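For reference, the structure is listed below as structure tokens.
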């Protein structure tokens, strides 16, 4: 449950945050706040700046300019204070494959400054909470992808952090494993943990209280999932014709606003059921594909940027 906040209650706050990698401008002046107890999602395609922002807030990289505070601490000057109060699940596995799952957790507890007995007790507690007791004696290399992710999550919450960072935490998991992972994250939020996550899966972002859409180092929109979707209209018609440019030209002469995107022709309207049959009957160009539905976060992102959330998804670049 999101709590009412004043500026002093912000768990994360950034002002004109900039990060450059030589000639690459990864972040171009980011302003955002994250409230205590909320789930906050950073949504965007690969290369948009998600992981760069995540890494700065988690004190793993230093910004080029601007400022950022986490839990009231400065990300440059108070790194140790921040690290004692956060948990992190990275894109890439951070488990020790040589140790048993239980020992991975107990060792992380010791790293956080817990005593030997306390770290053992917490390891037992989090394994029970996340329902992974059955493979306490198995090393990570003998676990499935979903089991490893739950173990990573257990490792991140071993010291009961106030803030949990999740960077593309379900990358590579199947749908069922992702659903199971986010169910457990939602329970942590219900218990008061603030969640900051990055993702390019719109269904994952839907669980957030608020979403910041990021593209090319800029925040292009920030609101609740429902409010973001409402920005593009009440209904969506998506068309693919034998000649999209000519179809869009015809539509403009009919005073119908249409966007030419990489996903096809997009028409946002308050009365899609009535408009679609008219278009199918009267469009001079042959319609190859037609779709009608409510707008999604993907559609909102397309409208704001002209790009899909899956844009360049195989590109290896700074994100």
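Residue numbers (the numbering used here): -5 to 313. Using N, Cα and C, we set each Cβ at its ideal position, and we do this for glycine too. Everything numeric in this text was worked out from a predicted model, so none of it was measured.
For residue 168, is the beta carbon positioned less than 6 Å from some heavy atom of the ligand GTP? Only the bare structure without any ligand can be found here, which leaves the ligand GTP out of the picture.
C-alpha gap between residue 122 and residue 31, whole angstroms: Stepping through the chain shown from its first residue, residue 122 is reached at position 128. Stepping through the chain shown from its first residue, residue 31 is reached at position 37. For residue 122 and residue 31, the distance between alpha carbons rounds to 23 Å.
Counting along the chain, where does the alpha helix (DSSP H) carrying residue 95 start and finish? Working through the chain shown from its first residue, we reach residue 95 at position 101. Start and end: 95 to 105.
Coil, strand or helix - residue 7 by DSSP: Along the chain shown, one-based indexing puts residue 7 at 13. Looking at residue 7 - three-state DSSP - the assignment turns out to be strand.
Spatially closest choice to residue 158 from 257, 13, 220, 76, by CA coordinates: Here residue 158 refers to the residue found at position 164 when the chain shown is read from its first residue. Minimum Cα distance to residue 158 is reached at 76.
Measure the C-alpha to C-alpha separation of residue 312 and residue 71 and round it to an integer number of angstroms. Within the chain shown, the letter at position 318 stands for residue 312. Within the chain shown, the letter at position 77 stands for residue 71. Bear in mind that the predicted position of residue 312 carries a pLDDT of just 48, short of 50, making it too unreliable to give a figure here.
Find out if the Cβ-Cβ distance for the pair residue 139, residue 99 is shorter than 7 Å. Reading the chain shown from its first residue, position 145 is the one you call residue 139. Reading the chain shown from its first residue, position 105 is the one you call residue 99. No, Cβ-Cβ distance for residue 139 and residue 99 is not below 7 Å.
Is any beta-carbon of chain D found at less than 7 Å from that of residue 116? Among the protein chains of the structure shown there is no chain D, as only one such chain exists.
What did DSSP end up calling residue -2 once you bin it into helix, strand or coil? Working through the chain shown from its first residue, we reach residue -2 at position 4. With a pLDDT of 44 at residue -2, under the threshold of 50, the modelled position of this residue cannot be trusted, and the question is left open.
Look up residue 226 in the DSSP assignment and say whether it is helix, strand or coil. Residue 226 sits at position 232 when you count from the first residue of the chain shown. Looking at residue 226 - three-state DSSP - the assignment turns out to be coil, as it is neither helix nor strand.
Within a Cβ cutoff of 6 Å, which residues of the same chain sit near residue 60, ignoring the five residues on either side of it in sequence? Position 66 of the chain shown, counting from 1, holds the residue named residue 60. 9, 10, 11, 12.
Among 208, 245, 3, which one has its Cα closest to the Cα of residue 261? As a first step, residue 261 is located in the chain shown; it is residue number 267 there, counting from the start. Checked all of 208, 245, 3; the closest Cα to residue 261 is 245.
Identify, in the order they occur along the chain, each residue of the same chain with its Cβ nearer than 7 Å to the Cβ of residue 280, setting aside the five sequence neighbours on each side. Taking the chain shown and counting its residues from 1, the one referred to as residue 280 is at position 286. Only 235, 236 meet the Cβ criterion.
Can you tell me whether residue 229 is buried or exposed, with buried defined as 16 or more other CB within 10 angstroms of its CB? Stepping through the chain shown from its first residue, residue 229 is reached at position 235. When all chains shown are included, residue 229 counts as buried.
Give every residue of the same chain whose Cβ lies closer than 8 Å to the Cβ of residue 143, excluding the five residues on either side of it in the sequence, and list them in chain order. Numbered from 1 along the chain shown, position 149 holds the residue referred to as residue 143. So the qualifying residues of the chain are 83, 163, 164, 167, 171, 175.
Looking at residue 113: is its Cβ nearer than 7 Å to the Cβ of residue 124? Within the chain shown, residue 113 is the residue found at index 119, counting from 1. Within the chain shown, residue 124 is the residue found at index 130, counting from 1. Against a cut-off of 7 Å, the Cβ pair of residue 124 and residue 113 comes out as no contact.
Specify the secondary structure class of residue 84 as computed by DSSP and reduced to three states. Locating residue 84 in the chain shown gives position 90, where the first residue counts as 1. Residue 84 falls in the coil class under three-state DSSP.
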